[in-house]
Amino acid sequence: MEYELITPLSREEILKLKVGDTVYVTGEIFTARDEAHAKALEWMDEGKELPFSFDRGVVYHCGPLVKKNGEWKVVSAGPTTSARMNPFTPKILEKVECMAIIGKGGMSEEVVNAMKGKAVYLAFTGGAGALAAQSIKRVKGVVWEDLGMPEAVWLFEVERFGPCIVAIDAHGNSLYRR
Amino acid sequence: MEYNDVVEAVVFALRKAHTELPDDVVKAIKKAYESEDNEIAKRNLEAILKNIDAAKKLGVPMCQDTGIPVFFVSVGRELCLDFDLKAAIVEGVRKATAEIPLRPNAVHPITRENSGDNTGMNVPQINIDLVEGDELKLVVMPKGAGSENVSALKMMLPTEVNKVKEFVVETVKKAGGKPCPPVFVGVGVGGTFDGAAKLAKKALLKNVLEMNEFELEMLEAVNELGIGPMGLGGKNTALAVLVEMGHCHTASLPVAVNIQCWANRRAEVVLR
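Keeping their order, the protein sequence lines are chains U and C. The first sequence: position 5 = 5 (this note's numbering), numbered continuously. The second sequence: position 57 = 235 (this note's numbering), numbered continuously.
Printed below as a string of structure tokens:
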């Protein structure tokens, strides 16, 4: 099946998705990799309010290549290896209502379990940075820029970002088992 | 030849490496696309081919992970270089980072502070070789972290020669979908601890369509894993296994496996 997802997402539409489905995402997504995950968890533990919201949102495992010409423009922005976020993701899913993760390479069984009833993992073709950039229409903002370009949190406005494959669904299925 | 010629040659080579894959690499990806009957595998390979076209057409880096620049420089012994060759390469990387642009990837290993221009302690990595003739050949391989992180080295026993294939297959299996398969596998057999790793990286510079029997045998074994493009299943886990060998100590058998993503980026420039 093919689905169009528009942010903010709803639990109902997330639960409909099954591994192997194709998805296009429209709306807002934000990037987060190792440093942003660690820092977000630290802030949550300290009770500090994050400068971006996970709720009903889409996290993109990505360290984009961006350029500033007056305003920020995305040059190339494919997904990064999601497995590096394995240690952080279950803790984050416990605390916030994040509903989708876009990445590449898959995530651990622990994450698959943590996603049950809550979230889906969408695989976008790794390395396809020039292609991904075409559906990122605008950089809406950046926070934690001090972490450096790849590790900062970039807020993107996307239009039909995809095709993404539902590689882990919210029912405990994963295409990465073999 | 002057300092600035080298700076410009570095910018040229990096731009070419990031926007255009070598013909042999593109041919190998196209062949994989045609051979795949798994629908998800085919769609991923299709996206890769579309991405290659888009990067070339738009003149932008095909992947946002523009890697750490690794240089292999051959200096003809008849050349007289009246300038700091390494400094010129470093300046070329700085210039390329701003102009192409490239993502700044180089960070301090402990503080994780980003240098902002892809240079720093021992970065870019520059390997210099002295050769016959009067040419300066610069080969650049931007190396991404997804594939570098799953590479491995093993100091095997001299009696384990028949287990080299097993180690290669095991390394690719452990990597799974992480390094952006279908991958290219560089294998360094022999040498020393560091030498084997260097051989493995150099193996990735070889033509990916020309494999010997030993390499083809390992490729077949790797593809039996069924990891497939992006780890989502399929026939094409690797597109080539490439080996470089070196004599080693009678008591050792170092083997290094350097994984490279489908974006097997490399470019060369020759200066006189």
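Idealized CB from N, CA, C, for every residue including glycine. None of the values given here were measured: they were computed from a predicted structure.
| Query | Result |
| --- | --- |
| What residues in the stretch 157-170 of chain U have a beta carbon less than 8 Å from any beta carbon of chain C? | 163, 165, 167 |
| Figure out for me which residue from U/134, U/100, U/47 has the closest Cα to the Cα of residue 30 of chain U. | U/100 |
| Taking a cut of 8 Å between CB atoms, which residues from the stretch 57-81 of chain U lie near chain C? | 62, 63, 64, 65, 67, 75, 76, 77, 78, 80, 81 |
| Pull up the distance between the alpha-carbon of residue 305 of chain C and that of residue 201 of chain C, whole angstroms please. | 24 Å |
| List, in chain order, every chain U residue whose beta-carbon is nearer than 8 Å to that of residue 303 of chain C. | The contacting residues do not exist; residue 303 of chain C stays about 19 Å from chain U at best. |
| Quick one: what does DSSP say residue 306 of chain C is sitting in, helix, strand or coil? | strand |
| Comparing C-alpha positions only, which one of U/141, U/137, U/145, U/58 sits nearest to residue 39 of chain U? | U/145 |
| How far does the beta strand (DSSP E) with residue 31 of chain U in it extend, from its first residue to its last? | 22-31 |
| Under a CB-based cut-off of 9 Å, is residue 130 of chain U close to chain C? | yes |
| Per DSSP, which one or two residues make a beta bridge with residue 74 of chain U? | U/66 |
| Look at the Cβ atom of residue 329 of chain C, then the Cβ atom of residue 439 of chain C, and state whether they are nearer than 9 Å. | no |
| Per DSSP, which residues does residue 138 of chain U bridge with? Please list them. | U/157 |
| Given this structure, state the Cα-to-Cα distance separating residue 55 of chain U from residue 361 of chain C, to the nearest angstrom. | 36 Å |
| Quick one: is residue 35 of chain U buried, meaning 16 or more other Cβ sit within 10 Å of its Cβ, or exposed? | buried |
| Mind checking which residues open and close the alpha helix (DSSP H) that includes residue 182 of chain C? | 181-197 |
| Would you mind working out which of C/431, C/182, C/241 sits nearest residue 337 of chain C, comparing C-alpha positions? | C/431 |
| Measuring straight from C-alpha to C-alpha, what distance separates residue 274 of chain C and residue 228 of chain C? | 25 Å |
| I'd like to know whether the C-beta of residue 32 of chain U is nearer than 9 Å to at least one C-beta of chain C. | no |
| Taking residue 225 of chain C as the query, report the chain U residues whose CB atoms sit under 7 Å from its CB, ordered along the chain. | 125, 128, 131 |
| Helix, strand or coil: which one does DSSP assign to residue 421 of chain C? | strand |
| Go ahead and label residue 213 of chain C buried or exposed: buried means 16 or more other beta carbons lie within 10 angstroms of its beta carbon, across all protein chains shown. | exposed |
| Kindly confirm or deny that the stretch 65-84 of chain U and the stretch 242-251 of chain C touch, where touching means at least three C-beta pairs closer than 8 Å. | yes |
| To the nearest angstrom, how far is it from the Cα of residue 294 of chain C to the Cα of residue 391 of chain C? | 44 Å |
| What residue ranges within the stretch 287-345 of chain C form continuous alpha helix (DSSP H) runs of no fewer than 4 residues, ordered along the chain? | 323-326 |
| With contact counted as at least three CB pairs below 8 Å, one residue from each stretch, are the stretch 111-127 of chain U and the stretch 66-73 of chain U in contact? | no |
| Give the interface partners of residue 244 of chain C over in chain U, defined as CB-CB distance under 7 Å, in chain order. | 65 |
| Under a Cβ-count criterion, where at least 16 other Cβ atoms within 10 Å of its own Cβ denotes burial, should residue 357 of chain C be classed as buried or exposed? | buried |
| Measure the beta-carbon distance from residue 359 of chain C to residue 409 of chain C and round it to whole angstroms, keeping in mind my assumption that it falls under 8 Å. | 6 Å |
| Answer yes if the stretch 8-23 of chain U comes into contact with the stretch 158-165 of chain U, meaning at least three C-beta pairs across the two stretches below 8 Å, and no otherwise. | yes |
| Along the beta strand (DSSP E) that carries residue 437 of chain C, what are the first and last residues, could you check? | 431-438 |
| Does the beta-carbon of residue 28 of chain U have 16 or more other beta-carbons within 10 angstroms, so that it is buried, or is it exposed? | buried |
| Starting from residue 128 of chain U, trace the alpha helix (DSSP H) both ways and give me its first and last residue. | No alpha helix (DSSP H) holds residue 128 of chain U; DSSP gives it neither H nor E. |
| If you measure between the beta carbons of residue 222 of chain C and residue 151 of chain U, is that distance less than 9 Å? | no |
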